[in-house]
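Count the sequence shown with this note's numbering and you get residues 37 to 208, in order. Have a look at the structure below, then the notes.
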Amino acid sequence: MTSTRTSTPTRRSVRGAALAVLTGAGIALTPVAASADAGAAPAAASVAAAPVAATNAAAQTAVDRALSQQGKPYVWGGTGPGGYDCSGLTWSAYQAAGINLPRTSRAQATAGVHVDRAHLQPGDLIFFYSPIGHVGMYIGNGQMVHSSTYGKPVAVVPVDSMWGYNTARRVA
37 MTSTRTSTPT
47 RRSVRGAALA
57 VLTGAGIALT
67 PVAASADAGA
77 APAAASVAAA
87 PVAATNAAAQ
97 TAVDRALSQQ
107 GKPYVWGGTG
117 PGGYDCSGLT
127 WSAYQAAGIN
137 LPRTSRAQAT
147 AGVHVDRAHL
157 QPGDLIFFYS
167 PIGHVGMYIG
177 NGQMVHSSTY
187 GKPVAVVPVD
197 SMWGYNTARR
207 VA
């Protein structure tokens, strides 16, 4: 009996080819340390680049306040200090800077002035979905801090990790 072998690539060979393409394109690959929960997202520190300084004191205060809340739980309707929903985090951060924002993400999307995505600065609010249903705060280097959903704490993530980008507003 003749054995037939298909030329279907194995998962290992496909992964190796993909890594070769990425490293050949100059993309640095950094391994993520194994954890007890292999399905968990990497810690914010392993994902985020250092934030960029904001262009004004109020925005910097808001960024600093939001970043200081990392690890706090998502709580629907939460405005701190024990937990936050998305708009509660941005509301609280700007309250610390002396700026009164509306409470919900949809209402916050009417505050301040529109900012093109290419011109985001630390402290700008980034809104997602249509109708708007989520907000995060840009911190620079393509990163944002947000409180996303049940079971996930306040964290720094790449802006591009969220689908449904809608608009951005500068409120300070």
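For every residue, glycine included, the Cβ atom is placed at its ideal position computed from N, Cα and C.
**Report entry** Among Ala145, Leu156, Gly169, Gly187, the one whose alpha carbon lies nearest that of Met180
**Finding:** Leu156
Query raised in the report: Does the separation of the CB atoms of Ala208 and Gly159 fall below 7 Å?
Result: yes
Requested in this report: Would you please state the rounded distance, in angstroms, between the beta carbons of Val99 and Met173? I believe it to be under 8 Å.
Outcome: 7 Å
Requested in this report: Round the Cβ separation of Ile168 and Arg206 to the nearest angstrom and send it over; I've been treating them as touching at under 8 Å.
Outcome: Not quite, the Cβ-Cβ distance comes to about 16 Å (not below 8 Å), so this is no contact.
Requested in this report: Return the CA-CA distance between Ser123 and Gly148, expressed in angstroms with no decimal places.
Outcome: 15 Å
Query raised in the report: When you compare only the Cα positions, how much space is there between Gly170 and Leu161?
Result: Note on identity: in this sequence residue 170 is His, with Gly being the wrong assignment. Each residue's Cα considered, the two are about 10 Å apart.
Query - Beta-carbon proximity list for Tyr186, same chain, < 8 Å, skipping 5 on both sides - result: Tyr110, Trp112
Query raised in the report: Which runs of the beta strand (DSSP E) spanning at least 3 residues fall entirely within the region 145–171, listed in chain order?
Result: 161–164
Query - Alpha-carbon to alpha-carbon, Asn136 and Lys188 - result: 26 Å
Report task. Could you tell me which of Tyr130, Val88, Ala133, Thr126 sits nearest to Ser184, measuring between CA atoms? Result -> Thr126
Query - Beta-carbon proximity check, Gly116 vs Ser104, cutoff 7 Å - result: no
**Report entry** Given Ala204 as reference, the closest of Val190, Ala191, Ala154 once Cα atoms are compared
**Finding:** Ala154
Report task. With distances taken Cα to Cα, identify the nearest neighbour of Lys108 among Asp121, Gln96, Pro138. Result -> Asp121
Report task. Count the other C-beta atoms from every protein chain shown that fall within 10 angstroms of the C-beta of Phe163, then say buried if there are 16 or more, exposed otherwise. Result -> buried
Requested in this report: Using the Cα positions of Met198 and Gly119, report the straight-line distance between them to the nearest angstrom.
Outcome: 21 Å
Query raised in the report: To the nearest angstrom, how far is it from the Cα of Ala102 to the Cα of Ala133?
Result: 11 Å
Query - Alpha carbon of Ala145 to alpha carbon of Ala89, nearest angstrom - result: 23 Å
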